Each structure stands twice: as C-alpha cells, then as structure tokens.
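Q:
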Ligand code: SF4
Ligand SMILES: [Zn+2]
C-alpha cells in the first residue's frame, strides 16, 4: 500500500496541452474527495492533482483488468461473447433455488438498486461487503441510534476529534487535510483542534495526533463503558480499564465534555474487534450522552467508497439495510442469517452473484469451500482470487472513472461520480450488465 | 389513450361542480370530448374527485431513510407481498410508519392520492431525496429545501440584504431542484449545533450571524413574493412541542400581515398541532388549537395544516434537531440526531401516542380543534405531518372524525379525562361535509402550491382522479363515519395521468410520476446575481463538497417538470 504522509500528491508531468477534468470525485475510500483534477492525454489519464496515494494508484496505475467475458468449461475459462455470458449468468440465477448476491461496495447506487431488483426477480438474497466491516455499526444503530453529523459540521465546529479504532492516515489519507487537522473551519482552526487516537497500536495517525491512547485488544467496550459511567458521576474502582489507565480515560472524557463540539470517528478497530456491535453501541451512546454538556457527534469511517450507498438504497427500496431475502412472498430481513458467509457456511445458498468483491480472499475457509462448490457469476473490473473458480466472468467498467453514478460519503452525503474516460472496448457498466441479466432472466 | 368515467357524482369544488356527470380523459388530461372507443368506467352511484394532494409528508430523503434504518421493527410491521393476490405492485411492501419507497406510492394510490410534497429537504442531501423520489411509483412529487438555519441566508437577512438573499434562495431552490422555501425552527437549529441550546423567542439572536427568527421569517416572506414563487413560505415555527408555544406561533403568523398575494396565502404554518399548546408545564398544558384556528379565520393570508394525532406507535422526524434531542430524553429510547451541512440538522425518535396519556390526549385534541376551528376549508389542509403525528394511511380515519361529532364524542369518552379540562373537544359540533373534505384533501393544497393541473377536474386538468364507492346523495358522513373511512381507505379506482393505476386495492400499473421543481433565477437582476454568486463561492470554502458538485444534476430528474417563474 502506498502511504503518503503528505496527503496531497500530484504526479509530476508536463502540461502539454493536456485536457483537465476538474472536481472529479475519487472512487476509492469513503471520504469521496470531489476536488480531484484529472489530466487526460490522448483519451487516457496521465496524472491527477490533489489525490492521495491511494487515489493516485486507482486513477493512474494500470491494475489488471478482466479483458473479456468468459465462462468456465472444466478447469478453464473460455472467452465468450457478452451476450452469451449474460445468458449464462441468467441461467445460473434461474436454476438456483436460492441464489445469493454479494459485493456492491465499489458500485454506484444506481447499479446497487438494480441489483436489489434483480435479486427480487430471482427470488434470492442480497447483501454488501459491510457484512465484513460496518455491519455491527448498523446493528448498533438499530439498537440505539446515534448522533450523526456531516463532515461540514465537523470541519467548521469540532474542537475535539477522537479517531477511535480508525487510522485515517493509511485508510482515508486526506481526512486530516479535508476535515480535521489541516482543515480550517469557520469556528475553529485545524491546528487548534485537539486530536486523539484510540487504538490497539500506535498507528501513523496516532503518531501525528495530540494524544495516543493505547487500548488493549478487545478492551474498547470496557473503556467506553467506563467513560459512560464516569460521565454519570461514578467512580471507577480500578487502575486500568481495557488496558487504559482510568486517569487517562477520565482526562479524555473531560476534554470531550468541555468541548464545544466533539466528534468521534470510529473504524474497524471498533466494529471488528471484541464486542463488535456492543462497542459501537457504547461509543454512540457515549457520544449521545455527552450532548448534555456540550455537543458531540459520531461518524463511521466507511472504507470502500460506496459501501454506505448500498445501505441507503437497500433501506429505501426494501425497508432494511441489506441481508434481505426475497425467497418468500414478503421481504425478509435477517442479519446473521442472511449474510453471505452464514448462508455459505450452512449450505443455505446454491449460487452466487458477486459484483465487485473477492470473497475467496476475505471469507472464512468453510464459506470459501462451499463457494467453490456452487455456480459463481462474477462481475468485476479486475480479476482476483475468486476469478480462479468463477463460472461466469463479466468485466465491468470502473465507476467514477469510466462510468458515472452516485456514491454516499461516510457521513451519507451523496456525491456524484463522474466519467472521465471510456471503458476498455467492449466493457459495460455494472448498471448495464445487471439490467441485461434481468432482461435475460 | 382515452377514458370516460361515466355517470359519477363529481365533486370538484375548484370548478364549482357537485353533480352527476361524466369525466372525460385523453392523453393524461381532462378534455371535453372523447371518441366512442374510449375505455369506460361506470361510476354510477360513486364519488368522483380529483386525485388527492398531500401538502406535507416526510416520504423521502435522509430522515425517512435513517428512520427505516433505525426501526426494522417498524419495517417488519408492514410487510406484504407483491403481485396479484398481494398488493398488486411490482415490489413487496414493508413498514408501518416508515414504508419503503414502493409502499409509499402504492399506499397513497390506494387512498386515491396522486401528488405528495416532501416538506423538508436538507439542501446538501437533496440528491438523496430525489433518488428516493425516483423509486416512489405513481405519485407526483415536489420537495421544499430547508433554509431557516442556512449560514449564508442568515447573514444576508441579518443585514437586511433581501435582494441577495432572494438571489441565493433562487439559486438554492434550483440547485436542490426544490419547489419552495421551508423554514424549520429558524435560528434554533444553528444554536443547537453551536451550544446544544435553542432559540426561545423571535428576537433571540444567534451569533456570530446576528440573525433572529423574526429576521428570517420577515425576510423570507419578502423574498418569496419578490421571486414570485408558486408556494408561500412554509413555516415550522420555533418552540415546537413545548407547552405555551402557541404564543410563538401566533406571533410568527402575525408577521404575514403586510404581505399579500392575490392567488394564495403568503405564509403556511405547518403541523400547527405541535405548535398550539397553552400552559407553562406538562401539568398545565392545554390545547390552543382553537386560538390558532381563530387567528386563521381573521387572517386570510395565512394557511395551516393540523398534523392530527391518531394514537399510534409511529416515528417522529424533523429538521428540528433540539426538539428531537429533548424528546429522546423523555422516551429514553432510540434516537438519531444529525447536524447537516452549513444548513441545519434534524433527528428521528420513535414515539407512541397512547390514548390514556394526558399529553397525547391534548395533542389529539389540539390537531382536531385546529382543523375543526378554521371556517374556510380552503385554508386548512389535511395532514398528519407523516409520520410525526401518524402515518399518512390514517387520513381516512381523520376524515371520518372531522365528519362526525358523534364519533368524536365516543373518543372523548375513551381518552384521558384531561380532555375535558384542557381542551375544547367537548364543545365543538362542527361536522365537515363531503365537499369540505374534498377541499382540504385536494383542492386547497393544490391551490396553495399552485399545482396548476391538480386539485380540480376542469378542462385541461391533469387526469388524476379518484373514484370511491360513496354515493354522496345517499351517505350521511356523520352517522356512516365508519363506512366512510373504509371507503376512503381504498378507492375503487385511482387514475393517474389518465391511466388506471389502482383498482380496489390492487396496483394495476406503476408509472413514475413527475417531480415538480421551480426555477426562479430568472427573477434576479444580473448584477445582484453576480454578487450573490461570488458570495456563494466564498461560502463554499467551508463545505467539504465542491460548489460545482453541489447542485443536483439532470440525471436525478428523469421525470422532472420545471416551473419557471420571474422570466
Ligand atoms: S482520501 Fe480517499 S477519497 Fe480522498 S483522495 Fe484519498 S482515497 Fe480518494
Ligand atoms: Zn413535517
């Protein structure tokens, strides 16, 4: 991974009559920076301005692409026409008793919406990769809610910022620049904000913040609950909670309590460790309760650039944020039963449509084993570990670069994704592919 | 396509029609003649009225969606299957107070409604509202961007620069593809964002903007008319939900005097039930619904909608962030709060109105009194502030209450006894006639928004028609209130733009209705426009989104219909 401490990188290059597309949205992480200048030469991207290293890699580098639609015969993938691949994909869905669909965090909302309609037609289930990142945040939301804010509010008001279990320097490299440390807001200058990082290890983000609070692995829940308890005026009868000296927690709490406007940005360190959704509940509850003193809000650091969008569109279309199935007559929402991993593990699904994801690399072994047994349709710009056993492979355009659409920022503000270059010849958008599969169904 | 709705009893108050006649339709419009090949609906013995127009219902956007996300238990309450045998629609439904987008379109259509206004769109999240609109089938839609806590507007109006304020407002309405101006707890939400406080009276200033609610309301009244916007300003007054707040509402509505428009009111005070309480504590709280109604009776340039409570487990959602925060302190349950853009905020809190609870009882009475107290039905529109006081699907229930004093008496005897002490419900015997019910559910709200083709069935009107199994000549709404409710709940037919979209509860067809929006930028002088644009450029230095990417793009309006004013 490219890490840039200087968050704005521009690739050196001459401006030789290159065409510039301004204010392009970066389709990489959930920050969705929409101020990127993209330089084109001969219809290709030559360099970008203002993007971070991650962004640069996505816009400029030449990652492997799936070159042609293909279907598996025996061990081998054979190139086929687009129409044939669509037909085969539809056949897989048609023949399955309970197809499941997974991925979506790198697709546009428009494609995601069509995916939900497709699975409704196919009487299957659908979920996004949030199953392996922020599903606990969703569950916590359903248990108690949260005080949210858009990044504008944080940027202009927040005098205290806590990154809890999140490491923006590596995962959202321009977060410091655009929202906190180096972003001057109307009510507060970037350098005047107090920034603390709470994490199990001293990350790069921790190194450049005002304070690093080291919590022991799995200790977040106790630490957060201790802070809530202290906020109620209770004394904690221990020296340490969650590996953190009680005094340190007290001081951090004091800063948040005295803040005009505090914000906690939480990441995978909170959602994917220890008590998972309970961590998030404790965190958002703490944030909520702090509003009796000053203001405090909380924002999840969503990873993939449009994992938030899937949650939105699935919620408005079905009433639920994902993990829904249409196998009965009514919409059935069952997180923990309907997530793709659970379905695979217990042999609940008998075909998979993967759109922009690589479960072979990210799912637990038993789920992958089952995945290899069922027919798999993969729609993706890039080949990955899953491609090695996918039965139908359809290359797709990179949305945000080769196709336009909508994505939701980590604070659920919708941002337009632009198209700056054409996709490789013969490569269609996710939208088009899903629409065609639906037509063939 | 042609359609003849034969022999129905047509009530079309805007056209002065209340008689048995045919309604003829061609190419989505009401016409004078159709050919002999026209499809026919026999409406003998039935009531034929314009499609319903709902002036204030939170159906789309970040608040609705976070409500759904917060409450899967509500989602599960309303699941029904799709297709024949189910609801008839293409997509299964979910939700009770928080229906999924498809259910919103289907359920409105079943009740004979064909146009709905989403009254609170956070400008920076306008794209989201429009995305949901595009997944709500059948009904026409429009949305009002919120402006009461907008930094740039507060600055302009604090300094009395209504010219540039008007330019910015026109820009913002166009950028969000909105239809008019919504003011939510002016200055109070900004105060909340700053300090966790609120604004308690019209002259409390929010710093450093130096702006007050009075300046916002007065400034918006002025610029709204200067721009020639089709709808009046739409005001959610300060101090919502607090005993004694009727004072603030009356004072706010008073600001409308001196402003005039020949075709409509200049100020719409919304969900007045939540703003019409007397007393000074929960113990001394009383209903002042009649005071609000009497004010409207004296001031023809003001309209209201009541937001009637129906004693359900529903969901509150507003742009009034401090209100929602305080509410969750009482409910001690789930809560989502939000601070949005440089523009405002909001919140969502589940809430159950229980008939044996004194406050809920007073709230019920307040909304009913406001609706019953306004003499001219053209200046009160039926709402529940969906889903705040009740889901919109309770409109027929409320219509039956408005029509029947007998039924209201029965309810008065069952709710908390505070109803006798703190409300006037026992003393009101007004009963809405069928024609008046038609006015408050279609004709009047259509006029308030100046939806030209809506709310009437004159030649050239949009062919949005509802047919109910009610024979006006043979129905006594007062006594047959239960039957009335059932029949209004599910129309025999709903016709949208000339197409039969719904029949006896089953969805027959689901076209995507239009999204109506307003472009008033033509009303602005060139140099004022340039100055305002330069201010907007500076203003955007504080955003985390680029100015160029802020405006809602064409792509989000596949069925957009723009109304240009001031050109
Ligand atoms: S921070 Fe995220 S969105 Fe912004 S440029 Fe880097 S990768 Fe792209
Ligand atoms: Zn409302």
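Residue numbers (our numbering), protein chains in the order written: chain A, 1 to 441; chain B, 442 to 1008.
All residues carry an ideal CB built from backbone N, CA and C; glycine is no exception.
Nothing here was measured: the structure is a model prediction, and the numbers come from that model.
Compute the minimum distance between the beta carbon of residue 613/B and the heavy atoms of ligand 1, and state whether it is under 7 Å.
A: No, ligand 1 has no heavy atom inside 7 Å of this Cβ.
Q: Report the three-state DSSP secondary structure of residue 117/A (helix, strand or coil).
A: Of the three classes helix, strand and coil, the one that applies to residue 117/A here is helix, per DSSP.
Q: With respect to the alpha helix (DSSP H) encompassing residue 730/B, which residues constitute its N-terminal and C-terminal limits?
A: Per DSSP, residue 730/B belongs to the alpha helix (DSSP H) from 730 to 739.
Q: Can you tell which of 772/B, 987/B, 762/B has its C-alpha closest to the C-alpha of residue 632/B?
A: Among 772/B, 987/B, 762/B, the Cα nearest to that of residue 632/B is on 762/B.
Q: Counting only the same chain and skipping the five closest in sequence on each side, list residues whose C-beta sits under 7 Å from that of residue 562/B.
A: Excluding sequence neighbours, residue 562/B sits near 502, 570, 584, 585, 586, 587, 617, 619.
Q: Measure the alpha-carbon distance for residue 403/A versus residue 504/B and round it to whole angstroms.
A: So the two alpha carbons sit approximately 29 Å from each other.
Q: Does residue 141/A have its Cβ less than 8 Å from a Cβ in chain B?
A: Yes - at least one Cβ of chain B is within 8 Å of the one on residue 141/A.
Q: Do residue 311/A and residue 125/A count as a contact pair if the criterion is CB distance below 8 Å?
A: No, the Cβ-Cβ distance between residue 125/A and residue 311/A is not below 8 Å.
Q: Measure the Cβ-Cβ separation of residue 643/B and residue 717/B and say whether it is below 8 Å.
A: Not a contact, by the Cβ cut-off of 8 Å.
Q: Step through the CB atoms of chain B and report whether any lies within less than 8 Å of the CB of residue 341/A.
A: Chain B, which has no Cβ nearer than 8 Å to the Cβ of residue 341/A, makes this no.
Q: Using 8 Å as the limit for Cβ to Cβ distance, is residue 365/A near chain B?
A: Not one chain B Cβ lies under 8 Å of residue 365/A.
Q: In whole angstroms, what separates the C-alpha of residue 155/A from that of residue 527/B?
A: About 48 Å.
Q: Which same chain residues end up closer than 6 Å to residue 428/A when comparing Cβ atoms and leaving out the 5 residues on each side of it in sequence?
A: Closer than 6 Å at the Cβ level, and outside the excluded window around residue 428/A, lies no residue.
Q: Does DSSP put residue 56/A in a helix, a strand or coil?
A: In the structure shown, residue 56/A sits in a helix (DSSP, three-state: H, G or I).
Q: Under the criterion of a Cβ to heavy atom distance below 7 Å, does residue 497/B qualify as lining ligand 2?
A: The answer is yes for residue 497/B.
Q: Please report how far the alpha carbon of residue 653/B lies from the alpha carbon of residue 180/A, in whole angstroms.
A: Straight-line Cα distance between these residues: approximately 30 Å.
Q: Of the residues 674/B, 746/B, 937/B, 809/B, which one's Cα is nearest the Cα of residue 848/B?
A: Among 674/B, 746/B, 937/B, 809/B, the Cα nearest to that of residue 848/B is on 809/B.
Q: Have a look at residue 323/A and residue 754/B and give me their C-alpha separation to the nearest angstrom.
A: Answer to the nearest angstrom: the Cα atoms are 25 Å apart.
Q: Cβ of residue 469/B within 7 Å of any heavy atom in ligand 1?
A: Outside the cutoff, so no.
Q: Are residue 515/B and residue 542/B closer than 8 Å when you measure CB to CB?
A: No.
Q: When the distance is taken between beta carbons, is residue 815/B closer than 8 Å to residue 740/B?
A: Not in contact: residue 740/B and residue 815/B (Cβ atoms no closer than 8 Å).
Q: Is there a C-beta anywhere in chain A that falls below 8 Å from the one on residue 977/B?
A: It does not: the Cβ of residue 977/B has no partner Cβ on chain A nearer than 8 Å.
Q: Tell me, please, whether the CB atom of residue 6/A is closer than 8 Å to any CB atom in chain B?
A: Caution applies to residue 6/A, whose pLDDT of 30 falls short of 50 and renders its modelled position unreliable; the value that the coordinates give is listed next. Cβ-Cβ to chain B under 8 Å: no for residue 6/A.
Q: Just how far apart, CA to CA, sit residue 418/A and residue 81/A?
A: Straight-line Cα distance between these residues: approximately 28 Å.
Q: Taking 7 Å as the cut-off, is the beta-carbon of residue 205/A closer than that to any non-hydrogen atom of ligand 1?
A: Not so, every heavy atom of ligand 1 lies at least 7 Å from the Cβ.
Q: Please report whether the beta-carbon of residue 598/B lies at a distance below 8 Å from any beta-carbon of chain A.
A: No, residue 598/B lies away from the interface with chain A (no Cβ there is under 8 Å from its Cβ).
Q: Taking the straight line between their C-alpha atoms, what separation do you get for residue 256/A and residue 286/A?
A: Spanning the two alpha carbons is a distance of roughly 10 Å.
Q: Taking DSSP as the reference, what is the three-state secondary structure of residue 852/B?
A: DSSP places residue 852/B in helix when its eight states are reduced to three.
Q: I'd like to know if residue 10/A contacts chain B, where contact means its C-beta is closer than 8 Å to some C-beta of that chain.
A: Only weak support exists for where residue 10/A lies, its pLDDT of 39 falling under 50; the coordinates are left without a value.
Q: May I ask you to check if the CB of residue 739/B is nearer than 7 Å to at least one heavy atom of ligand 1?
A: Result no, Cβ not under 7 Å from ligand 1.
Q: Can you tell me whether residue 904/B is buried or exposed, with buried defined as 16 or more other CB within 10 angstroms of its CB?
A: Answer is buried; the Cβ neighbour count reaches 16.
Q: So residue 520/B and residue 533/B are in contact, right, with Cβ under 8 Å, and what is the actual spacing, rounded?
A: So it is a contact: roughly 7 Å between Cβ atoms.
Q: With respect to 7 Å, is the separation between the Cβ of residue 679/B and the closest non-hydrogen atom of ligand 2 below this value?
A: No, ligand 2 has no heavy atom inside 7 Å of this Cβ.
Q: What does DSSP give as the partner residue(s) for residue 584/B in the beta ladder?
A: Note: residue 584/B sits in a beta bridge opposite 559/B.
Q: Using 10 angstroms around the beta-carbon of residue 137/A, count the other beta-carbons present and answer buried if the total reaches 16, otherwise exposed.
A: Per the 10 Å Cβ criterion, buried.
Q: Any heavy atom of ligand 2 closer than 7 Å to the CB of residue 712/B?
A: For ligand 2, at least one heavy atom lies less than 7 Å from the Cβ of residue 712/B.
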